[in-house]
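The structure under discussion appears below in the form of structure tokens.
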Amino acid sequence: MGFNMSQLQHLGVRKYFSKISMKIIGRVGAAVLIILVLSLAAVDRGSYSLQLEQLLSTQKIITQSQAQTLSEQFSEGVRSGAVHTLTGVLTNPSIEGVKVDYADGSDSLLVGEINSEFDLSLPVYFTDKTTGSKSVAASITTYASTQAIDAARWLRFKYAVAMVLIVMLSIVAVLALAVYTIIGLPLHKVTQAIDTVEQGEFPQVDWNSNDEMGLVIKRLNYLHSIQHERLSGLEQALNEKERHEADRLRNLVNASFEGILIYQQNELVDLNEPMAGLLGGTRETLIEKELAQLFSWDVLAFLQAAHNDNARPFLETSIASVVDSNAEPVSVEMYINTIEYAGNDAKVVVVRDITERLKAEERMRQLALYDGLTNLPNRMFFMECLAQALARADRLGSSMAVMYLDLDHFKDVNDTHGHAAGDELLQNVAKVIGENIRETDTGARLGGDEFAIILEGDNSGSFAPEVLAMRLLEGVNRCKMNAKIGSDFGASIGIGIHPGHPIKSSDLLMHADLALYHAKDNGRNNYQVYTDNLDNDYRRHRLLVERLRHALENNLLELHFQPQANSSSESIVGFEALLRWSDVMLGWIPPQEIVAAAEKEGLIRELGAWVIRQACTEAAKWQYPYRIAVNLSPIELAYAGLPDYISSVLDETELDPARLELEITELALMADMDQVGATLQRLKNIGVTIAMDDFGSGYSSLSVLKKFPFDRVKIDRSFVSNGNEDSEENVIAAAVIDIGRRLNVDVVAEGIENQEQLQRMKDQDCAEIQGFFIGKPIPQDEMLTFLDNISSEIKKRAS
Ligand code: C2E
Ligand code: CA
Ligand code: CA
């Protein structure tokens, strides 16, 4: 802060300007006066000698009064000490003498003796001769040379110059002093005071005068005091506000659930209560601690890195109590940011307790990775474990195996005993797995009734997947017995063993899967270990599927038609369409294999549709309305769109629906009976007939025949060909024929290969027959010729 001229003018300096000048003039004037008086006095004293010298030089005879005056002046001079001067002058060697002329004409001359004897205080008397009265009268005459007078004059001039110089110097000195005391000193004080303003101080200037300077200083002091007051008031207000703000902020920050701390230069400057809680201390004990005293290295590294651009946005870690080393560390998530704190840059760290979140995540992980029913790892987790186990085996050169365990006929348990029983069974199987594997092994439920196990071998030689497989089969059997369920229930196990060289997990799984496939093929309830042969089978399977697709696309499949005849007249009543395929690469493939592969690979609906269309097209060409029987896979029958498809084919081929018969097996009825029953009913509504195929070969119970109003029942070949009159098979065949008759259902005996079998069926009143003895399946392109031959035969017989 500083003053400039305009401010000074504003203070009315100009109006009072004369005061300062008056003051200076006054002081200087007074000084001049004093000096003048003093110098005049000095000149005055000097003037004795001057006057005397004048008198002496004129050698004038003075009058009485003059003498009187002179005398008085002498006396005065003596009194005042001027005699000394006179004496000095008179002793000057240039003055040769003093002559005193008296009025009476006498005179006296004092030469050379003046110094000691001339007593100027003695009056020179003049005596009036007539009256006799005595009066003082004298004339004094000095004798001086011209040289002496000149010297006296020169001296007088030097004296005068010196006097002038002294006077002038005195005046200058007085002036300087006056200016310093009146202007310089106060100005200096003012400058000093103004200088300290920059440091925020407003000192009072110690100066008291009534001139302009005094006024300026008074105003300055006033301004300073006002400014000071205002500033301190402001400061106080600010402090108040700051404290209020700080309180408000602290309350706000403490209300947060998150821990918040602020640090500057690695030192904690503030924190809220939740943060103190996380660190296991109080705000007071923690404040001013260094970060390194509070946090582990990973947090310190995170905080350090936060100064870089590519720092991590947050850190998940745990915070230990600084007080209680036994306390459980708290899992937290940490964010960092830069803020301004108390006017400087500071870092604020926000810490969130994520214990609950982690628990929830763990629960979610549990849900995501574990099977809810059995608590075993699910397929996803299993795959993860497998990848790790494989990597370990490769690294350590140790053995390992994957085992697939698939329950046989588990569906029956669900259907017959209910889902609760099914669930309990699955849990018990999981328990069996858990009890038999080691801690390093992994048992998983892949879904449904599929389980899998990863076995990891160590170098103790105790790696024996087969032993485990046997134990598991026993365990599953025990479960079955405990649950008192059907005799078919069991497990099939396929084992893929690490081949000793790096293998992809998908390949190892495929090995186990192939082995399982073979275990099932092997009549279930057994285990199979994968070998390269199995692999060959698998490759053949893949090729077969590939070729089947190709055959379907290029219409390379064929149908053969096997005659069905009336047992008593032996005349043909219909034909069964049978699938034939001879591939250029694979050769002749049995229809069961084609159908099984198509079922497994999802091609069965396409294949079945082709058979139906082909059979209906062919039958529509025949000159006699023979029945045409088509085999249906259970999977086809489960397809709700089947009736619509069949009626569209019938429309297209213009085949009488009554001529089409669909052969289904018991297996088809094992599925959802409501749905299958509805489909069958819709088919019957179209007008087609339904036959129960292979009856007696499977799980047949005679009650199956009551489940649905079949139009025909075909007794399986095994009851015909193996039977003799008294055999068990024959008894069963007879029973089936009997039930058929009672339910008003025609029975067809399959696999009649000779006259004896034919006769037996005839004897038992079996309505229809089919078999090589009646006729082998006929290739499609021979059908029309074949039928021609029959019709001419019939005509021959008739004629
Ligand atoms: P299936 O329905 O029981 O068909 C009768 C099978 O018995 C046919 O075998 C037939 O050639 C054979 N056969 C007939 N008479 C005799 C005989 O006197 N002695 C002997 N040993 N066998 C006889 P194929 O053609 O090999 O068919 C086997 C099975 O393949 C069929 O059994 C049927 O279940 C299935 N199949 C055939 N074609 C188709 C089809 O187009 N679709 C469906 N879904 N399955 C089919
Ligand atoms: Ca059949
Ligand atoms: Ca059959």
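Heads up, the sequence shown is in the numbering used here, so the first residue is 479 and it goes up one at a time. Glycine included, each C-beta is placed from N, C-alpha and C at the ideal position.
Which residues bound the beta strand (DSSP E) around residue i?
i	result
A472	A question about residue 472 goes unanswered here, because the residues of the chain that appear run from 479 up to 1277.
F680	Note, F680: premise wrong, no beta strand (DSSP E); not H, not E.
M1170	1167-1173
N1109	1105-1109
E934	928-934
I975	968-975
A1146	It is not in any beta strand (DSSP E) - A1146 instead sits in the alpha helix (DSSP H) that spans 1144-1148.
I1193	1190-1193
Could you check what DSSP says for residue i in three-state terms: helix, strand or coil?
i	result
R1002	coil
W1285	Nothing about residue 1285 can be reported from this structure: the residues present for the chain run from 479 to 1277 only.
D1224	strand
L653	helix
I963	coil
Y603	Any answer about Y603 is weak, because its pLDDT of 40 lies below 50 and its placement is not dependable; what the coordinates show is given next. Here Y603 sits in strand by DSSP.
Y995	helix
Q1153	helix
V801	coil
F1251	coil
N955	helix
I915	coil
R790	coil
S648	helix
T833	helix
T816	strand
Q1230	The amino acid at residue 1230 is misidentified as Gln; the sequence shows Ile. Reduced to three states, the DSSP call for I1230 is coil.
P1112	helix
G659	Reading off the sequence, residue 659 comes out as Thr, not Gly. T659 falls in the helix class under three-state DSSP.
I1215	helix
N1200	coil
I539	With a pLDDT of only 35 at I539, under 50, the local geometry of the prediction cannot be trusted, and the value read off the model is given with reservation. Of the three classes helix, strand and coil, the one that applies to I539 here is coil, per DSSP.
E1139	strand
E428	Past the edges of the chain, shown from 479 to 1277, lies residue 428, and the structure says nothing about it.
Q1258	helix
I672	helix
A1055	strand
G555	Only weak support exists for where G555 lies, its pLDDT of 46 falling under 50; the value from the coordinates is given anyway. Looking at G555 - three-state DSSP - the assignment turns out to be helix.
N822	strand
L598	Summary for L598: the model assigns pLDDT 37, below 50, so the residue's position carries little reliability; its value from the coordinates is reported in the next sentence. L598: coil per DSSP, three-state reduction.
T1009	coil
Shortest alpha-carbon distance to residue i belongs to which of the options?
i	options	result
S1284	E839, V1051, L1034	Nothing can be reported for residue 1284: it is not among the residues displayed for the chain, which extend from 479 to 1277.
D1122	L1161, L764, G1001, G978	L1161
T659	M691, W632, D673	M691
E862	T920, R1275, S1049	T920
Q844	E1206, T1143, H1019, F859	F859
R1020	S1049, A656, V1007, K1078	K1078
R857	A784, A789, L987, F888	L987
S809	V650, N853, L756, D1010	L756
V907	A947, A865, R870	A947
S1181	L511, N1200, L1221	L1221
N853	E902, A838, N815, I817	E902
N1032	E1024, H1038, D1204	E1024
N729	I740, N750, E1141	N750
K982	G964, D1134, V645, A867	A867
Got a sec, what are the start and stop residues for the alpha helix (DSSP H) residue i sits in?
i	result
S1270	1261-1276
T852	It is not in any alpha helix (DSSP H) - T852 carries neither H nor E in the DSSP assignment.
A865	857-874
A922	Looking at the DSSP string, A922 is not in any alpha helix (DSSP H); the run it does join, the beta strand (DSSP E), is 920-925.
E1130	1120-1131
L1183	1182-1185
Run the proximity test for residue i: is its beta-carbon closer than 6 Å to any non-hydrogen atom belonging to ligand 5?
i	result
Q1070	This structure lacks ligand 5; its bound ligands are ligand 1, ligand 2 and ligand 3.
### Neighbourhood of ligand 2 [Cβ distance below 5 Å to any heavy atom], ordered by chain position
Residues with a Cβ closer than 5 Å to any heavy atom of ligand 2, in chain order: N1109, E1141, D1171.
### Query
Which whole runs of the beta strand (DSSP E) in the stretch 1015-1048 are 3 residues long or more, in chain order?
Contiguous beta strand (DSSP E) elements confined to the stretch 1015-1048 occur at 1036-1044, taking only those with 3 or more residues.
#### Entry: Uninterrupted alpha helix (DSSP H) stretches inside the stretch 694-779 (no shorter than 4 residues)
Those alpha helix (DSSP H) runs which fall completely within the stretch 694-779 and span 4+ residues are 751-757, 761-764, 769-772.
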